[in-house]
Amino acid sequence: VLAPFVLKIYDSMSAFTCPPSYTMGKKKAKLAFPQLSDKDVKYCSVFYEAQHNDARTNIAIALSAAEHGAHIANYVEVVDLIPHPKKADKVVGVTVVDRQTGDKF
Numbered sequence: 180v181l182a183p184f185v186l187k188i189y190d191s192m193s194a195f196t197c198p199p200s201y202t203m204g205k206k207k208a209k210l211a212f213p214q215l216s217d218k219d220v221k222y223c224s225v226f227y228e229a230q231h232n233d234a235r236t237n238i239a240i241a242l243s244a245a246e247h248g249a250h251i252a253n254y255v256e257v258v259d260l261i262p263h264p265k266k267a268d269k270v271v272g273v274t275v276v277d278r279q280t281g282d283k284f
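Counting with our numbering, you get residues 180 to 284 for the letters of the sequence shown.
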């Protein structure tokens, strides 16, 4: 009974910048989250912990990978995997096609 009220207080802590929290009954919860166990589920509350700028996160990951020797590319499609010469289950690189120019590298 208190869950919706408490979640709205939690929403207010983010100045309502996240999507609103909500509560659903057992039937809706099972439809939305089929991995839930049927045992002891009475209702389900959904809330958003926080939001972040995923573009900035992706750039940070790409820059970090580049610092460690990775090659960074945008608008490319992976068309083949390059296997490790001695370990068939390990990939050491990829062949890509630039989707804007058609160049393959």
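Glycine included, each C-beta is placed from N, C-alpha and C at the ideal position. All values reported here derive from a predicted model rather than from experimental measurement.
Consider the Cβ of residue i: report whether some Cβ of chain E lies at a distance smaller than 8 Å.
| i | result |
| --- | --- |
| V257 | Among the chains of the structure shown, chain E does not appear; only one protein chain is present. |
Tell me which residues share the same chain as residue i and place their Cβ nearer than 6 Å to its Cβ, disregarding the 5 neighbours each side in the sequence.
| i | result |
| --- | --- |
| V258 | T274 and V276 |
| S243 | none |
| A241 | I251 |
Could you name the residues of the same chain whose beta carbon sits closer than 7 Å to that of residue i, not counting the 5 residues immediately before and after it, in chain order?
| i | result |
| --- | --- |
| Y189 | S200 and F226 |
| E256 | V275, V276 and R278 |
Please name the residue in the options whose C-alpha comes closest to that of residue i.
| i | options | result |
| --- | --- | --- |
| D219 | G204, D233 and M192 | G204 |
| S193 | E228, K283 and T280 | E228 |
| G248 | D217, G272 and S191 | G272 |
Tell me, to the nearest whole angstrom, how far the beta carbon of residue i is from that of residue j; I am working on the premise that it is less than 8 Å.
| i | j | result |
| --- | --- | --- |
| R278 | Y254 | 5 Å |
Grab me the residues of residue i's own chain with a C-beta within less than 8 Å of its C-beta, minus the 5 sequence neighbours each way, in chain order.
| i | result |
| --- | --- |
| K209 | L215, D217 and V220 |
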